[in-house]
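**Student:**
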Amino acid sequence: NAGVTQTPKFQVLKTGQSMTLQCAQDMNHNSMYWYRQDPGMGLRLIYYSASEGTTDKGEVPNGYNVSRLNKREFSLRLESAAPSQTSVYFCASSEAPGTGASAGANVLTFGAGSRLTVL
Amino acid sequence: GIQVEQSPPDLILQEGANSTLRCNFSDSVNNLQWFHQNPWGQLINLFYIPSGTKQNGRLSATTVATERYSLLYISSSQTTDSGVYFCAVYTIKAAGNKLTFGGGTRVLVKP
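For the protein sequence lines, the chains are A and B, in the order given. The first sequence begins at 88 in our numbering and counts up one residue at a time. The second sequence begins at 157 in our numbering and counts up one residue at a time.
Right, here's the structure in full:
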């Protein structure tokens with residue numbers, strides 16, 4: 088199984104350009120997440136989707152939009168990129184949204200990351 | 157929201173040494189996970205441990221939920237243990253649905 092697949096792995100944008108990061112999981116997970124990681128920091132949640140058809144804001148949603156296209160796919164869009172959005176972006180998924188169910192259902196599986204530079 | 161603090165921020169070990177990483181959190185949690193981010197950036201789940209003790213090879217973890225901390229033990233460290241270790245917690249009290257990550261402990265194991 089591929090697990091969680093993100094594309095592209097690297098992208099350079101100019102300020103004001105738009106782009107979409109794609110994420111797909113093949114584990115039949117219900118919940119999907121987008122995080123960003125800045126140098127020397129932990130991961131901060133941008134948006135999440137607890138289940139197909141729902142999306143909610145995380146800690147740092149400004150400047151981003153998401154689409155839960157189906158159960159497998161969760162995309163992150165930057166409509167007008169800014170240098171402050173230079174970061175490494177991680178997509179993740181889990182069977183359950185955070186609590187309840189079996190222990191293994193709450194474990195996050197991450198993609199390999201997408202490094203975005205905005206000039 | 158819930159605060160997650162990890163210590164120490166940096167750790168340099170000689171191969172074969174043992175170490176303990178700590179994660180403190182500011183509220184009761186329903187879900188706590190430890191992750192290892194390798195030097196290539198890949199994040200791997202090590203433990204799902206909202207309470208109690210678990211072991212996986214040379215790694216073990218203990219969470220004392222009532223005292224709001226978790227410990228990750230690395231025994232007989234190897235160079236492949238290098239990277240950043242994150243703990244992440246989830247509380248049902250928080251608005252929204254998210255794991256909150258600590259700032260990480262950067263570990264370098266020297267041969």
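Each residue gets a CB set at the ideal place from its N, CA and C atoms; glycine is no exception.
1. For Pro195 (chain B) and Glu139 (chain A), I'd like the C-alpha separation in whole angstroms.
2. Rounded to whole angstroms, what is the Cα-Cα separation between Leu169 (chain B) and Val240 (chain B)?
3. To the nearest angstrom, report how far apart Ala251 (chain B) and Ser163 (chain B) are at their CA atoms.
4. Among the residues of its own chain, which have a CB less than 6 Å from the CB of Arg224 (chain B), if the five just before and after it don't count?
5. Taking DSSP as the reference, what is the three-state secondary structure of Ser184 (chain B)?
6. Return the chain-ordered list of same chain residues with a C-beta closer than 6 Å to the C-beta of Ala217 (chain B), the five sequence neighbours on each side being excluded.
7. Spell out whether any CB of chain B is found under 8 Å from the CB atom of Phe197 (chain A).
8. Looking only at C-alpha atoms, which of B:Ile158, B:Pro267, B:Cys243 and B:Gly208 sits nearest to Gln193 (chain B)?
9. From this set, A:Phe97, A:Val91 and A:Ala89, which residue's C-alpha is nearest Thr204 (chain A)'s C-alpha?
10. Note down, in chain order, every chain A residue with its Cβ under 8 Å from the Cβ of Gln198 (chain B).
11. Expressed to the nearest angstrom, what Euclidean distance is found between the alpha-carbon atoms of Ser136 (chain A) and Ile158 (chain B)?
12. Pull out every residue of the stretch 119-140 of chain A whose Cβ sits closer than 7 Å to any Cβ of chain B, in chain order.
13. Do Ser232 (chain B) and Arg214 (chain B) have their beta-carbon atoms positioned less than 8 Å apart in this structure?
14. Would you list, in chain order, the members of the stretch 158-180 of chain A that have their beta-carbon closer than 9 Å to a beta-carbon of chain B?
15. Could you tell me whether any Cβ in chain B is nearer than 8 Å to the Cβ of Gly90 (chain A)?
**Tutor:** Per the coordinate set shown:
1. Their Cα atoms are separated by approximately 33 Å.
2. Near 13 Å, if we compare the C-alpha coordinates of Val240 (chain B) and Leu169 (chain B).
3. Unreliable placement is indicated for Ala251 (chain B), whose pLDDT of 49 sits below 50; no coordinate value is reported for it.
4. The answer, listed in chain order, is Phe181.
5. Ser184 (chain B) falls in the coil class under three-state DSSP.
6. Within the same chain, Ala217 (chain B) has close Cβ partners Trp190, Phe203, Ile205, Lys210 and Leu228.
7. Residue contact with chain B for Phe197 (chain A): present (Cβ-Cβ distance below 8 Å to some residue of chain B).
8. Nearest C-alpha to Gln193 (chain B) among B:Ile158, B:Pro267, B:Cys243 and B:Gly208: B:Cys243.
9. The closest CA to that of Thr204 (chain A), considering only A:Phe97, A:Val91 and A:Ala89, is found on A:Phe97.
10. The contact set of Gln198 (chain B) on chain A, defined by CB atoms closer than 8 Å, consists of Phe197, Ala199 and Gly200 in chain order.
11. As the crow flies, the alpha-carbon of Ser136 (chain A) is around 20 Å from that of Ile158 (chain B).
12. Across the stretch 119-140 of chain A, CB contacts with chain B closer than 7 Å involve Met128, Gly129, Leu130, Leu132, Tyr135 and Ala137, in sequence order along the chain.
13. Their beta carbons are under 8 Å apart, which means Arg214 (chain B) touches Ser232 (chain B) by this criterion.
14. Taking 9 Å as the Cβ-Cβ cut-off against chain B, the residues of the stretch 158-180 of chain A that qualify are Val175, Phe177 and Ala179.
15. Chain B, which has no Cβ nearer than 8 Å to the Cβ of Gly90 (chain A), makes this no.
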